[in-house]
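Encoded as structure tokens, the structure appears first; notes follow it.
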Amino acid sequence: MRYSKDPELDRTLHHSVRDGMAYAVMAGGSETYFSAFALFMRASAQQVAILATLPALLGTLVALLAPLLAQWVGRRKPVVIGAALLQGLILLPLLASIWLAGDHVFATLLLLFTLYFAGANLAAPLWTSWLGDLVPERRRGRFFGRRTRWTTITSFSALVAGGVILHVSEAWEQTAIGFALLLGIGCSARLISVYQLGRMQEPAHGSTLPRVPLGREWIRNVRQTGAFWFTAYFALMQASVGISAPFFSVYMLRDLNFTYLEFMMTTGTAVLVQFLTLTYWGRISDAFGNRLILVVTSLSVPLLPALWVVSDNFWYLIAIQCLSGLSWAGFSLSAGNLLFDLVPRSQRSGYVVMHSIVTAGGVFLGGLLGVALLNWLPARATLFGDPTLATSLLWIFLISTAARLTVALLFLRRVREVRKPRRAISPHDFVFRATRFNAFIGMVYEFVTLFRRKEQR
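Going left to right, the sequence shown walks through residues 295 to 751 as the working numbering numbers them.
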């Protein structure tokens with residue numbers, strides 16, 4: 295398959311696809327299981343929540359250094375390769391920590407996870423700028439569409455393979471070896487990614503590097519575009535999500551005693567459904583606009599944590615994950631499109647950096663609130679008299695639902711659409727059409743009413 299008539303550019307873009315696939319092996323097969331790894335290392339639920347949020351926030355802040363480093367070096371490529379190399383090599387001491395961390399597990403994981411995400415976020419803005427210069431604008435949609443398709447398939451395959459490896463190693467009572475294999479494979483995959491990045495060309499005269507948006511004039515201009523309220527809404531929604539998100543892995547592996555195979559199937563289902571439905575959400579976006587999708591999914595996403603309280607049946611949770619993948623695919627696509635529509639091109643790169651930092655901060659604060667609530671809530675409680683909740687994590691899920699709904703009701707009305715949709719339709723009519731003609735929605739509702747939460751054994 296040719297991406298360009300220019301042979302050198304065509305080779306570079308093929309190397310970029312291979313880089314993405316190698317990175318996806320690390321992300322799907324290693325990073326996906328970080329929370330499971332922390333639990334295996336005997337981290338508490340509170341520590342898992344901090345490990346899932348604080349390193350990501352600190353890593354996002356490192357992105358502010360990317361333009362300065364690129365200007366100091368004079369090129370983007372060496373910085374991207376160095377950051378990618380750091381990210382990959384960090385997995386080696388993480389592997390060694392299985393046997394060497396001793397009594398300092400939490401501090402060790404916190405440091406290594408932070409360095410891992412620092413490498414990822416240091417490379418991201420420069421990589422985006424680099425690829426933006428390489429790929430002609432008229433070909434970007436087709437190239438990145440194909441690249442994303444291959445990386446998503448690879449990431450999902452790595453996620454499945456990782457779950458199988460952990461399942462087999464657990465059956466043989468060699469779980470430590472299983473995690474060591476995942477981390478070793480992730481390191482090797484990232485090194486292959488570094489090699490592919492090294493084979494890519496960098497234009498001699500690229501576009502202006504991303505700048506950190508600072509100053510009152512810049513903030514005033516952004517507020518006039520409507521992006522300010524969008525970021526406020528998105529960050530608060532992510533904070534509400536962060537209250538419960540770090541605890542789902544804990545709930546499945548610790549409280550429900552899921553095997554790693556069941557954990558992989560539950561996690562992978564949402565990823566697979568997102569991949570399968572993104573194209574359809576894109577068509578709806580083109581026809582009816584992004585705000586409509588954001589409104590509809592902003593009312594379904596808040597319900598997801600509460601649905602986990604209804605039953606702990608494995609197949610019920612698989613159905614909920616199908617609904618989760620469907621909802622998050624639409625939410626993520628519409629939010630990403632709105633961000634690019636609301637911000638002028640001249641301010642876009644810098645705004646994306648700040649948007650990411652504010653969002654990561656929201657997730658971290660939400661995670662801290664979840665930790666505080668977990669310390670305060672009773673270990674067992676009764677919901678409406680019956681059934682008895684076996685773990686306080688279920689209260690966390692309900693609180694997250696309430697917070698998500700509150701944010702949606704208070705802030706969603708301030709988010710506006712810039713691009714006029716081809717066909718205008720109200721959210722109510724859209725939901726009516728979707729539920730009337732979509733058998734999948736009916737199937738989910740059947741599962742919701744079929745199972746009731748089992749008595750604590």
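Every residue, glycine too, gets a C-beta built ideally from N, C-alpha and C.
Host alpha helix (DSSP H) of G353 (start-end): The residue you call residue 353 lines up with position 59 of the sequence shown. DSSP places G353 in the uninterrupted alpha helix (DSSP H) bounded by A339 to V356.
Three-state secondary structure assigned by DSSP to D427: Counting from one through the sequence shown, the residue named residue 427 turns up at place 133. Helix.
Nearest-angstrom beta carbon gap, A360 and L416 [assumed within contact, 8 Å]: Here residue 416 refers to the residue found at position 122 of the sequence shown. Here residue 360 refers to the residue found at position 66 of the sequence shown. 5 Å between Cβ atoms; contact.
Identity of the residue in S329, N669 and R296 nearest I690 by Cα: One-based indexing of the sequence shown puts residue 690 at position 396. Residue N669 is the option with its Cα nearest to I690.
Nonlocal neighbours in the same chain, by C-beta distance under 6 Å from T326, ignoring five residues either side: Indexing the sequence shown from 1 puts residue 326 at position 32. Excluding sequence neighbours, T326 sits near L453.
Member of A418, S482, L362 and T402 whose CA lies at the smallest distance from the CA of S650: For the purposes of this step, residue 650 is taken as residue 356 along the sequence shown, with counting starting at 1. Answer by Cα proximity: A418.
Limits of the alpha helix (DSSP H) - the one that T591 falls within: Within the sequence shown, residue 591 is the residue found at index 297, counting from 1. Its alpha helix (DSSP H) spans residues N584 to S594.
Spatially closest choice to Q568 from I587, C616 and F608, by CA coordinates: As a working note, residue 568 is residue 274 in the sequence shown. Minimum Cα distance to Q568 is reached at C616.
Rounded straight-line distance, which links the Cα of V429 to that of F752: Outside the shown range of the chain (295 to 751) lies residue 752, about which nothing can therefore be said.
Where S538 sits in the DSSP three-state scheme: The residue given as residue 538 occupies position 244 in the sequence shown. Three-state DSSP puts S538 in a helix.
F658 versus I344 - alpha carbon distance: In the sequence shown, counting from the first residue as 1, residue 658 sits at position 364. In the sequence shown, counting from the first residue as 1, residue 344 sits at position 50. The alpha-carbon atoms of F658 and I344 are separated by roughly 8 Å.
Length of the line joining the Cα atoms of D304 and G323: The residue you call residue 304 lines up with position 10 of the sequence shown. The residue you call residue 323 lines up with position 29 of the sequence shown. Looking at the two C-alpha atoms, the distance is approximately 29 Å.
For E711 and N607, believed in contact at Cβ under 8 Å, the rounded distance: To locate residue 607, count along the sequence shown from 1; it is residue 313. To locate residue 711, count along the sequence shown from 1; it is residue 417. Between E711 and N607 the Cβ distance is about 40 Å, and since that is not below 8 Å, they are no contact.
Sequence-distant residues of the same chain with beta carbon closer than 6 Å to A395, five excluded per side: Within the sequence shown, numbered from 1, the residue matching residue 395 stands at position 101. Spatial neighbours of A395 in its own chain (CB-CB distance under 6 Å, excluding positions within 5 residues in sequence) are listed in chain order as T402.
Coil, strand or helix - Q468 by DSSP: Walking along the sequence shown from the start, residue 468 turns up at place 174. Q468 sits in coil when the DSSP states are folded into three classes, being neither helix nor strand.
Alpha-carbon spacing of M531 relative to V701, whole angstroms: Within the sequence shown, the letter at position 237 stands for residue 531. Within the sequence shown, the letter at position 407 stands for residue 701. Distance between the alpha carbons of M531 and V701: 6 Å.
Alpha-carbon spacing of T653 relative to G660, whole angstroms: As a first step, residue 653 must be located in the sequence shown, where it is residue number 359. As a first step, residue 660 must be located in the sequence shown, where it is residue number 366. Their backbone Cα atoms lie some 11 Å apart in a straight line.
Beta-carbon proximity check, L620 vs T571, cutoff 8 Å: For the purposes of this step, residue 620 is taken as residue 326 along the sequence shown, with counting starting at 1. For the purposes of this step, residue 571 is taken as residue 277 along the sequence shown, with counting starting at 1. Going by C-beta atoms, L620 is nearer than 8 Å to T571.
Residues near V374 in its chain [Cβ-Cβ closer than 7 Å; skip 5 each side]: By 1-based counting over the sequence shown, the position of residue 374 is 80. In its chain, beyond the 5 residues on either side, A417, L420, W421, W424 and L491 have a beta carbon closer than 7 Å to the beta carbon of V374.
Per-residue burial, Q365 [other beta carbons within 10 Å of its own, 16 or more giving buried]: As a working mapping, residue 365 is identified with position 71 in the sequence shown. With fewer than 16 neighbouring CB atoms inside 10 Å of its own CB, Q365 falls in the exposed class.
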